[in-house]
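Below is one structure, written out as structure tokens; the observations come after it.
Number of protein chains: 2
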Amino acid sequence: MRLLVAEDDKRIAEDVRTVLTAAGYAVDLTHSGQDAWFRGDTEDYGLVVLDLGLPGMDGISILKQWRMSGRHMPVLVLTARGSWAERVEGIDAGADDYLPKPFQFEELLARIRALIRRSVGHGAATIEVASLVVDTRTMRVVVDGMPLNLTPFEYRLVSYLAHHRGRVVPASELQDHVYGDDFSRDGNALEAMIARLRKKIGSDVISTRRGFGYVMGDSV
Amino acid sequence: MRLLVAEDDKRIAEDVRTVLTAAGYAVDLTHSGQDAWFRGDTEDYGLVVLDLGLPGMDGISILKQWRMSGRHMPVLVLTARGSWAERVEGIDAGADDYLPKPFQFEELLARIRALIRRSVGHGAATIEVASLVVDTRTMRVVVDGMPLNLTPFEYRLVSYLAHHRGRVVPASELQDHVYGDDFSRDGNALEAMIARLRKKIGSDVISTRRGFGYVMGDSV
DNA sequence: CAGCGCCTGTCAGCAAATTGTCAGCTTCTC
DNA sequence: GAGAAGCTGACAATTTGCTGACAGGCGCTG
Numbered sequence: 001m002r003l004l005v006a007e008d009d010k011r012i013a014e015d016v017r018t019v020l021t022a023a024g025y026a027v028d029l030t031h032s033g034q035d036a037w038f039r040g041d042t043e044d045y046g047l048v049v050l051d052l053g054l055p056g057m058d059g060i061s062i063l064k065q066w067r068m069s070g071r072h073m074p075v076l077v078l079t080a081r082g083s084w085a086e087r088v089e090g091i092d093a094g095a096d097d098y099l100p101k102p103f104q105f106e107e108l109l110a111r112i113r114a115l116i117r118r119s120v121g122h123g124a125a126t127i128e129v130a131s132l133v134v135d136t137r138t139m140r141v142v143v144d145g146m147p148l149n150l151t152p153f154e155y156r157l158v159s160y161l162a163h164h165r166g167r168v169v170p171a172s173e174l175q176d177h178v179y180g181d182d183f184s185r186d187g188n189a190l191e192a193m194i195a196r197l198r199k200k201i202g203s204d205v206i207s208t209r210r211g212f213g214y215v216m217g218d219s220v
Numbered sequence: 001m002r003l004l005v006a007e008d009d010k011r012i013a014e015d016v017r018t019v020l021t022a023a024g025y026a027v028d029l030t031h032s033g034q035d036a037w038f039r040g041d042t043e044d045y046g047l048v049v050l051d052l053g054l055p056g057m058d059g060i061s062i063l064k065q066w067r068m069s070g071r072h073m074p075v076l077v078l079t080a081r082g083s084w085a086e087r088v089e090g091i092d093a094g095a096d097d098y099l100p101k102p103f104q105f106e107e108l109l110a111r112i113r114a115l116i117r118r119s120v121g122h123g124a125a126t127i128e129v130a131s132l133v134v135d136t137r138t139m140r141v142v143v144d145g146m147p148l149n150l151t152p153f154e155y156r157l158v159s160y161l162a163h164h165r166g167r168v169v170p171a172s173e174l175q176d177h178v179y180g181d182d183f184s185r186d187g188n189a190l191e192a193m194i195a196r197l198r199k200k201i202g203s204d205v206i207s208t209r210r211g212f213g214y215v216m217g218d219s220v
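Line by line, the protein sequences are chains A and B. Residue 174 in full-length UniProt numbering sits at position 174 of the first sequence; the count goes up by one each step and never skips. Residue 106 in full-length UniProt numbering sits at position 106 of the second sequence; the count goes up by one each step and never skips.
In structure tokens:
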């Protein structure tokens, strides 16, 4: 993981670099505001440690610029002790955390670990099968980039099949999952739903295994 | 957005609740460690404010328990001033931020805003969805440049949906976060509020996903 | 304290989307 | 080619959500 440390006090900067390097990070140093902004904007950092008191360009502005141009890496801001107004400002500008100076290196490390842990923790909860994408977080289904408007049962169907893609799912199992305890369905309700569903997602996404059940993806 | 405040000093707790409620959050209070753990483990909170000195169960343990059982809501830890060892421990146990006591309510608010923003993946203090802008700092909502006069509950609604824009939010989740502990979950109060809200912000900002819930932004 | 306005929950009726059923049709298997 | 399995379109029943009216509650003001 590559980090940027923007801090004009060169002694502190070097110390921080030493500690962070020892902790296993690749560390870039910079001492001016301009340079900090430019690097943060053009390079890909896993995290930035930003001192607000940089010469050349105000730290808050740098931060806002980054956020405005869509850079979302975690930023830990170093502030003067006690100036909580400054902290509020920094946080509202898009900082993910701050640390008042002077600080214990151990605490700096703990915070950096926490921020990184957080920033990589956003796993995409989507399942893709051919041109179909099921996003379980937003409960959306997209085919060829086009979002679909599925009904609740339709969604349960695709979702279940997508979760078990490549496996032939018996109709009875589908029934169980889609309808739960509700055994009031005698007729061909499921088949009707599959038909409606196919109209929306395309007829070739779910294939029928006569006598066995349905499959999504693979195992043509 | 629904918050849990775990703080045994009832005066502080009440003050915090007042401030947070005024800021548009639904706030649940608890004074014991056991209860804090139980609620955090079973309820769905957007954020938890956790005092480490709770009676009955150690704050750090509570936090670890939550994390081990997969609860990922942001946790802001309140610590005694100066004990940075405790902070490091707290952060490594899974805290997202800490605040030394005593603190300014304003700073508490800024940090809470920041944590929530971060946990839902936004960088800025204002959230824009189409022609609608939610400023979490001033608690103002603007549509097409025109500021709106929203009631407290209406604001909670838009705010929550805006924070989770693009995601289909189930009605039950909305209820939880708008009403918190208050179990008035009977009739169609939520629907009524949505209707009133739509009259103010325009009927196309929040779209209904029949059977799923409501979404703000990128509809179908 | 009475009066007033605002906020919010409840209710009932309405509108519309969803889904089961049915009948007839197609496709597959042997 | 016969029978079984699955598909489809139409229709009706049901479920779900919307809306307007109304009333209780709360705070504010005179």
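C-beta atoms are modelled at their ideal positions from N, C-alpha and C, and glycine is treated no differently.
Taking all protein chains shown into account, decide if residue i is buried (16 or more other Cβ within 10 angstroms of its Cβ) or exposed.
i	result
residue 42 (chain B)	exposed
residue 72 (chain B)	exposed
residue 68 (chain B)	exposed
residue 1 (chain B)	buried
residue 30 (chain A)	buried
residue 140 (chain A)	buried
residue 79 (chain B)	buried
residue 290 (chain A)	No information on residue 290 (chain A) is available, as it lies outside the stretch 1 to 220 that chain A covers here.
residue 11 (chain B)	exposed
residue 70 (chain A)	exposed
residue 145 (chain B)	exposed
residue 26 (chain A)	exposed
residue 61 (chain A)	exposed
residue 195 (chain A)	exposed
residue 162 (chain B)	buried
Could you tell me how far apart the beta carbons of residue i and residue j are, in whole angstroms, since I believe they sit closer than 8 Å?
i	j	result
residue 28 (chain B)	residue 4 (chain B)	5 Å
residue 75 (chain A)	residue 56 (chain A)	18 Å between Cβ atoms; not a contact.
residue 193 (chain A)	residue 205 (chain A)	So it is not a contact: roughly 14 Å between Cβ atoms.
residue 6 (chain A)	residue 50 (chain A)	5 Å
residue 115 (chain A)	residue 97 (chain A)	6 Å
residue 190 (chain A)	residue 174 (chain A)	6 Å
residue 169 (chain A)	residue 214 (chain A)	6 Å
Please report the straight-line C-alpha distance between residue i and residue j, rounded to a whole angstrom.
i	j	result
residue 106 (chain A)	residue 88 (chain B)	7 Å
residue 44 (chain B)	residue 112 (chain B)	16 Å
residue 123 (chain A)	residue 133 (chain A)	With a pLDDT of only 40 at residue 123 (chain A), under the threshold of 50, the placement of this residue in the model should not be trusted; the figure read from the coordinates follows. Taking the straight line from one Cα to the other gives about 15 Å.
residue 59 (chain B)	residue 177 (chain A)	40 Å
residue 212 (chain B)	residue 136 (chain A)	12 Å
residue 138 (chain A)	residue 209 (chain B)	11 Å
residue 165 (chain A)	residue 152 (chain A)	20 Å
residue 17 (chain B)	residue 52 (chain B)	18 Å
residue 181 (chain B)	residue 36 (chain B)	14 Å
residue 143 (chain A)	residue 150 (chain A)	12 Å
residue 203 (chain B)	residue 197 (chain B)	8 Å
residue 34 (chain A)	residue 40 (chain A)	10 Å
residue 108 (chain A)	residue 154 (chain B)	40 Å
residue 100 (chain A)	residue 127 (chain B)	28 Å
residue 19 (chain A)	residue 104 (chain A)	11 Å
residue 110 (chain A)	residue 102 (chain B)	22 Å
residue 248 (chain B)	residue 24 (chain B)	Any property of residue 248 (chain B) remains undetermined from this structure, which presents chain B solely from 1 to 220.
residue 85 (chain B)	residue 65 (chain A)	35 Å
residue 188 (chain B)	residue 172 (chain B)	12 Å
residue 160 (chain A)	residue 201 (chain A)	15 Å
Considering only DSSP beta bridges, list what residue i is partnered with.
i	result
residue 101 (chain A)	A:80
residue 147 (chain B)	B:142
residue 216 (chain A)	A:206
residue 169 (chain A)	A:214
residue 161 (chain B)	Residue 161 (chain B) is not bridged to any residue.
residue 2 (chain A)	A:26
residue 47 (chain B)	B:3
residue 132 (chain A)	A:129, A:143
residue 75 (chain A)	A:48
Helix, strand or coil: which one does DSSP assign to residue i?
i	result
residue 193 (chain A)	helix
residue 68 (chain A)	helix
residue 52 (chain B)	coil
residue 87 (chain A)	helix
residue 59 (chain B)	helix
residue 8 (chain B)	coil
residue 26 (chain B)	strand
residue 42 (chain A)	helix
residue 137 (chain B)	coil
residue 19 (chain B)	helix
residue 178 (chain A)	helix
Verify the contact flag: residue i, CB atom, against every heavy atom of the ligand SAH, threshold strictly below 6 Å.
i	result
residue 176 (chain A)	Among the ligands in the structure shown, none appear at all, so the ligand SAH cannot be discussed.
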